[in-house]
Amino acid sequence: MANPLYAVADFCLIPMGLPKPSVGPEIAEVQRVLEKSGLDGYGTNLEGPWDDVCKVIGECHQAVHALGCQRIATDVRIGTRTDKSITSGGNNSKVQRVVDILSEEKK
């Protein structure tokens, strides 16, 4: 079996139909789930094996539903690549690549 796909996912979870305009408590719960996941990333940007990334996004939905939110909409964008081995730090290396390009231009 081939190595599992390494995924970099950006997702936007939107609690809907709540009786109040603030979704702060629900988003804080999402952040708790992400911190417990052990995956790399920041905010709602996750990195890791495909199945783990998808599982954590599902766990975020479960946690927000458990707070009483009956409806959630989520947009997900996932990138993978097979031309290069990425085991962690995918976004960090992307940021560093841009920083390197910009610093070269200033020379």
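Counting along the sequence shown from 1, when you hit position 54 you're at 59 in my numbering, and nothing is skipped either side.
Using N, Cα and C, we set each Cβ at its ideal position, and we do this for glycine too.
Quantities reported herein were computed from a predicted structural model and do not represent experimental measurements.
Annotated as proximal: HIS70 and ILE77, with beta-carbon spacing under 8 angstroms. Contact check for PRO9 and ASP45: beta-carbon distance about 15 angstroms, past the 8 angstroms limit, so the pair fails to qualify. Per DSSP, reduced to three states, the secondary structure at ASP15 is strand.
Less than 8 angstroms divides the Cβ of CYS74 from the Cβ of GLU31. Rounded to the nearest whole angstrom, the C-alpha separation of GLN36 and VAL81 is 16 angstroms. When beta bridges are read from the DSSP output, ASN8 appears opposite no residue. GLY53 sits buried, since 16 or more C-beta atoms from the chains shown fall within 10 Å of its C-beta.
A straight line joining the alpha-carbon of SER42 with that of GLU110 spans about 38 angstroms.
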